[in-house]
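No gaps in the numbering here: position 301 of the sequence shown is 301 in UniProt numbering, and each next residue is one more. C-beta: ideal position from N, C-alpha, C; glycine also. Below is one structure; the comments refer to it alone.
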Amino acid sequence: MLRADVTRTTFGSRCRQDGRPAKAKPAGCFRPGVVVVKAKDPKSYAKILKLLRSEPTLKDSVSSVNKVRRSAGGELLLQLDKACISPGELGRKLDSAIGELGSATARTSVTAIEIKDLDEVTTREEIWGALRTHLDGASKQGLSAVRSLLKAFAGTQISVVTLPDQLAAKAVKLGRIRIGWVNCRIREKNEVRRCYRCWDPGHMAARCPGPDRRSCCHRCGQEGHLAKICQNVPSCLLCRGDEARTHATMSAAYPLAKKFAVSIHRRACLRVICGFCSISHEATYFLASIPPLTLLIDERSRLYLRRLENVESEERAKTIEEWQAQWTCSRKGRWTHRLIPNIIPWIERRHGEVNYHLTQLLTGHGCFRSYLCRTNNDTGDQCPVCSAAVEDVGHVIFRCPRFTEEREVLHHLLGGPLEPETLVGFMLEAESNWLAVSTFAQSVMTRLRSEERARRR
């Protein structure tokens, strides 16, 4: 039972101790717009502020101003209320009032969205017309909001549109929008935030220690032209050596972009299995029955090159073969590997869902004293009943006398003693067996959790 590929989730997502997902962040938390006032003479900002405050024609307009402060670059920054729906109009009025002393520019926080499944003849005008029809206030943005329109797989197109945060949230909530003959998917575009001056991530332009690359081409890194008309060989300014010649700057092939995508993918898989963040990447993907993202990327690139052939099952078989080799050679998730050494029987099962308690049994990441001691949540790892034994997952599940009664139920169904090498095979034989092991895991882990809470008191 190979699950659908999971590639989107929110950062910081995790589950509660009872397995339910944590409460989502309240909707509507958007950054307010600002108006940036830039003076020709840096010493005249106080004069400009006095002029604006004394201007009678601005008394009604500036009621939406919430804060007045200086930016990191020294400009005067007027922060607006979240309820302000027309920062651009206010910016034009302030610019007119300032006159020759400087300029005022309105800025709003924007979000990029992706519109997928567009047919190959769709134009930017059609995309913008559909957005204006379905989103109130979109007509104020203009056609320039359609940032790109690129060819995608199987004769389709994908478009990136930049909208103010509130409009983008409404568009994402729609889920789909009809453009031409197609109901197109709308998704928020996950982008790595970076310095627009040197293009490097991790800092802002106001504190940038790197070189100024604002006039450089994003494709080849040279000055004097734009990436859309560049015919040179791609060269990444942020990478070094031969690796820099394999991709353009800030493209999807940039190593940080891959790392960002892998992080999102792993968090999504953790939510599928309701697991702790300490579970290794290898065990997380395995229990979720989802191949690692790097393997999925390679598979899709091979499929694209052979898109005219019916080779999807063949390429998936290659992906699973590579995944099995990685799973066998990896030094992480060894307890899970001992229980489930082979990938195919696990991902092709026709019954059984992994839940919060079962994940703890299959990974060893739970209320076992050895794990709690390793994560500095307990002072010792000894079993309270078996003084000479370490309380790890193997001891608790297969040997500890505290759970003999629960274990006997499984022994009766299995027709013999329970061993790590036979446990998962027993679960995969029938749905009733899976439910029996899941019930056993819930009983054991609930009791261990109660004992841990008692020790903390």
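Legend entry - Cβ separation of C230 and H247, assumed to be a contact under 8 angstroms, to the nearest whole Å: Not a contact, Cβ separation roughly 14 angstroms.
Legend entry - P184 and D117 closer than 8 angstroms at C-beta: Reading off the sequence, residue 184 comes out as Cys, not Pro. The answer is yes: Cβ separation under 8 angstroms.
Legend entry - the stretch 439-457 contacting the stretch 354-370, beta-carbon criterion three pairs below 8 angstroms: yes
Legend entry - Inter-residue spacing [alpha-carbon to alpha-carbon] between C400 and R334: 21 angstroms
Legend entry - Proximity to L361 [Cα-Cα], best of G394, I127, L428 and L372: G394
Inset, instruction - Between the Cα of R207 and those of A268, E406 and R194, spot the shortest distance and give me the residue it belongs to. - result: R194
Inset, instruction - Within the same chain, show all residues whose beta-carbon is closer than 6 angstroms to that of C386, passing over the 5 residues directly before and after it, in chain order. - result: none
Legend entry - E421 in three-state terms, based on DSSP: helix
Legend entry - Whole-angstrom distance between V146 and T294, CA atom to CA atom: 30 angstroms
Legend entry - 6 angstroms CB neighbourhood of E223 in its chain, flanking five on each side removed: S215 and C216
Legend entry - Cβ shell of K332 (< 8 angstroms), same chain only, five flanking positions each side left out: S280, H281, E282 and A283
Legend entry - In chain order, each beta strand (DSSP E) run of at least 3 residues that lies wholly inside the stretch 76-109: 76-80 and 102-107
Legend entry - Which listed residue (V396, G425, N433 and P292) has its alpha carbon closest to that of H412: N433
Legend entry - Opening and closing residue of the alpha helix (DSSP H) in which K43 lies: First-last for K43: undefined, no H or E at that position.
Legend entry - Secondary structure, alpha helix (DSSP H): runs of 4+ residues fully inside the stretch 311-384: 312-329, 334-339, 343-347, 356-363 and 369-374
Legend entry - beta strand (DSSP E) segment containing S159, residue limits: T156 to P164
Inset, instruction - Use the C-beta contact count for W199: other C-beta atoms within 10 angstroms, 16 or more gives buried, fewer gives exposed. - result: buried
Legend entry - Proximity of L418 and A436 at Cβ, strictly below 8 angstroms: no
Legend entry - For F403, the nearest candidate out of Q141, E188 and A441 (CA to CA): A441
Legend entry - Exposure label - L339; buried when at least 16 CB within 10 Å: buried
Legend entry - the stretch 96-106 contacting the stretch 154-164, beta-carbon criterion three pairs below 8 angstroms: no
Legend entry - Beta-carbon proximity of R107 to V36, cut-off 8 angstroms: yes
Inset, instruction - Report the option in I48, I344 and R240 whose CA atom is closest to the CA atom of P255. - result: R240
Inset, instruction - Buried or exposed for L226, please, with buried defined as at least 16 other CB atoms from any protein chain shown within 10 angstroms of its CB. - result: exposed
Legend entry - Inter-residue Cα distance where the pair is V233 and V160: 25 angstroms
Inset, instruction - Determine the closest residue to S103 out of G91, G210, H265 and G33, with distance taken between C-alpha atoms. - result: G91
Legend entry - R453 versus A169, L149 and F368, residue with shortest Cα-Cα distance: F368
Inset, instruction - Quick one: using the 10 Å Cβ neighbour count with 16 as the cut-off for buried, is R31 buried or exposed? - result: exposed
Inset, instruction - Pick out whichever of R197, E299 and R407 has its Cα sitting closest to the Cα of R213. - result: R197
Legend entry - Per-residue burial, R455 [other beta carbons within 10 Å of its own, 16 or more giving buried]: exposed
Inset, instruction - Starting from R194, follow its DSSP beta bridges and name the residues at the other end. - result: P201
Inset, instruction - Provide the residue(s) that pair with V34 in DSSP beta bridges, ordered along the chain. - result: Q79 and R107
Legend entry - E299 classed as buried or exposed, judged by whether at least 16 other C-beta atoms fall within 10 angstroms: buried
Legend entry - Where I279 falls: helix, strand or coil (DSSP): coil
Legend entry - Nearest-angstrom Cα separation, counted from Q79 out to V62: 11 angstroms
Inset, instruction - Alpha carbon to alpha carbon, how far is E315 from residue 464? Give it in angstroms, no decimals. - result: Nothing about residue 464 can be read from this structure; the chain reaches only from 1 to 457.
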